[in-house]
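What follows is one structure encoded as structure tokens, with my remarks underneath.
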Amino acid sequence: MKRLVFLLLLPFIFSFTMCGKRKDPLPPLEFYPEKPKILSVEQVEDKFLVRWKPVKKFYDGRRIRDIKNLHYEILVNFGERKYKTKKPFFFDKETSKIGERRCYTVYAVYKSKRSDPSEPFCIITKEPIKETPVILNSFAGDGFVKFTFKPSKDFSIEVFRNGKLYRILPKGVEEFVDEDVVNGREYSYRFRFSLGYLKGRFTNIFKVIPEDRIPPEPPKNPVIVRKGKSCILLWEPSPSKDVVGYLIQRRGDEMVRKLGKVIYFFLKNCGKETYYIRAFDKSGNFSKRIKVKEELYEEGSSDNGK
């Protein structure tokens, strides 16, 4: 019995013996951002563009929520020059001589807390690319954009669409076709030569709007059947798949009626006019006009043939 009572009291005994004991306190949070990682340094003519991976976390892995309090410090040649920016890139406007060695180091700074420095990235200035791609022709068609170039044996061509690097074309390429476009939307393109980390100057901006400019085929075998002052126009549909309607005209280009995808039209008073019919597609392209041929109206005969 005593043993049973003792066992029942054990939880209470331990609760008193553990009272007041806590885990060791956690160290205070530190707000040092993780160190940046330089992704690339490009020589653009005789200047340099430095890019690094945006810093989004503190050194211990916690996410930086108020990123507006973060900026970067860029050291050129280990402190010879120093710059600040909030963007994850830096364009060094100081010109560089051929053979000159230039080094870049980047720090992330959150409020007053500075990260460890990035690994330094050093680069030797080479003979810059002075040429620009020669655009022989540009064309925006139905669902595509096409550029034709004077081919270059020495350089690749970088394609920038709407301000961002979109594609890199190999040496000797003669044309670029972009089919990932939407009709009626404006796109801007720029081009420059590239050889490794060497980048040339940009061409002018080419603004194009892809759209359907190909007219549909006209309707087939249009006829007009007259009865008194009234008449009915009949035709076979256009073979073009993108046709959305038909236009009836007279006296040359005078419009009578714009219709949907029907193959007849009744006129209560059509007179002795000459009529024409045209097909049009969803982009507003019209086919050539076709003259409506006359066809005699014959009264139906009776069942006995009289």
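If you read the sequence shown in the numbering used here, its first letter stands for residue 1, the second for the next number, and so on. The beta carbon of each residue, even a glycine, is placed where N, CA and C say it ideally should be.
- Here I64 carries a coil assignment [DSSP, helix/strand/coil].
- Residue burial annotation: L39 is exposed, with fewer than 16 other C-beta atoms found within 10 angstroms of its C-beta.
- Straight across, the Cα-Cα distance linking K97 with D281 is about 59 Å.
- Rounded to whole angstroms, the gap between the alpha carbons of V256 and K164 is 49 Å.
- With respect to T148, F193 sits apart: the two C-beta atoms are not nearer than 9 Å.
- If you draw a straight line from the Cα of F144 to the Cα of S138, it comes to about 11 Å.
- Taking a cut-off of 8 Å on C-beta distances, the segment 192 to 207 does not touch the segment 224 to 244, as fewer than three cross pairs fall below it.
- Secondary-structure assignment with DSSP links V208 through a beta bridge to Y187.
- Looking only at V292, P36, F31, the smallest Cα-Cα distance to V223 is reached by V292.
- With a 10 Å radius around the Cβ and a threshold of 16 neighbouring Cβ atoms, Y246 comes out buried.
- Going by beta carbons, Y83 and P36 fall outside the 9 Å limit.
- DSSP places N77 outside both helix and strand once states are collapsed to three, so it counts as coil.
- Inclusion of V41 and Y197 in the CB contact set at 9 Å is warranted, their separation being smaller than that value.
- Note on geometry: alpha-carbon atoms of S283 and E100 lie some 56 Å from one another.
- Proximity to C103 across V109, K113, D92 peaks at D92, based on C-alpha coordinates.
- Of the residues assessed, R81 falls on the exposed side of the cut-off, its CB having fewer than 16 other CB atoms within 10 angstroms.
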